[in-house]
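The structure appears below as C-alpha cells.
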Amino acid sequence: MLPTVLSTVPKCLLFFIAVILSQYKIESKSSSLDVTDPETWKKLAVERFSKFEQSLYYSSLKRPKNIILFIGDGMSLSTVTGARYLKAEKMNLLGGDVQLEWENWPVASLVRTFNSDRLTTDSGSAATAFMSGKS
C-alpha cells in the first residue's frame, strides 16, 4: 500500500520533505556541540588521539626523532588529484601511473581544518590553529 501512496505524491514534494528532514537532523546533531568553545575541540582531539594510542598500529610504530611540517595551502584532495593528472599529462602517461613527490615518502598525513563560522577554512585561521595550537 505504501509504494502506491508514494507513487501518487509528486516527486518534488518528496524531495522537499527529504531536504527539510535532513536539515532537521543536521541541526539537532550539531547543536549538542558548542563549536565556539576551544575546550570542545580540545576534548574531541584528546578523545580521537587516545583511541589512536590504544590501537595496535600505534604500539608498533617507531618514534621519530624529528618531524618536518609542510603546509600546502589550497591542497584539497581534488586539487592534488588534478596536480597528479597534470604531471602525468606532461609525461604522456595516465593519471594513475604517476605519483607526486610526497606520495613516495615513508610517512605522510592528511589534516582537515574547519572554521566554526564558514564552510571553507580561511588560510589565516588554519595557519593560526596549526602554529599556535589554539582555535
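Residues -22 to -1, 1 to 113, numbered by mature numbering (1 follows the signal peptide of the UniProt record, and there is no 0), are exactly what the sequence shown covers, in order. The C-beta atom is built at its ideal place from N, Cα and C for all residues, glycine as well.
Check: What number of angstroms, rounded off, separates the C-alpha of Ser101 from the C-alpha of Leu64?
Finding: Taken atom to atom, the span from the alpha-carbon of Ser101 to that of Leu64 is near 24 Å.
Checklist line | For residue 115, the nearest candidate out of Val76, Lys43, Thr91 (CA to CA) | finding: With the chain covering -22 to 113 only, the question about residue 115 has no answer from this structure.
Notebook entry, point to check: From this set, Leu55, Asp95, Leu97, which residue's C-alpha is nearest Leu78's C-alpha?
Noted result: Measuring from the Cα of Leu78, the nearest candidate turns out to be Leu55.
Next item on the list: Could you please give the first and the last residue of the uninterrupted alpha helix (DSSP H) stretch that includes Pro16?
Entry: Boundaries of the alpha helix (DSSP H) harbouring Pro16: 16 to 31, taken from the DSSP string.
Notebook entry, point to check: For Lys7, which residues from the same chain have a beta carbon less than 7 Å from its beta carbon, with the 5 sequence-adjacent residues on both sides left out?
Noted result: The pLDDT assigned to Lys7 is 46, lower than 50, so where the model puts this residue is not dependable; a value taken from the coordinates is nonetheless given after this. Listed in chain order, the non-local C-beta contacts of Lys7 below 7 Å within the same chain number zero, local neighbours out to five positions each way being set aside.
Notebook entry, point to check: Nearest-angstrom Cα distance between Arg41 and Ser87?
Noted result: The alpha-carbon atoms of Arg41 and Ser87 are separated by roughly 15 Å.
Checklist line | Three-state class that DSSP yields for Phe92 in the structure shown | finding: Three-state result, Phe92: coil.
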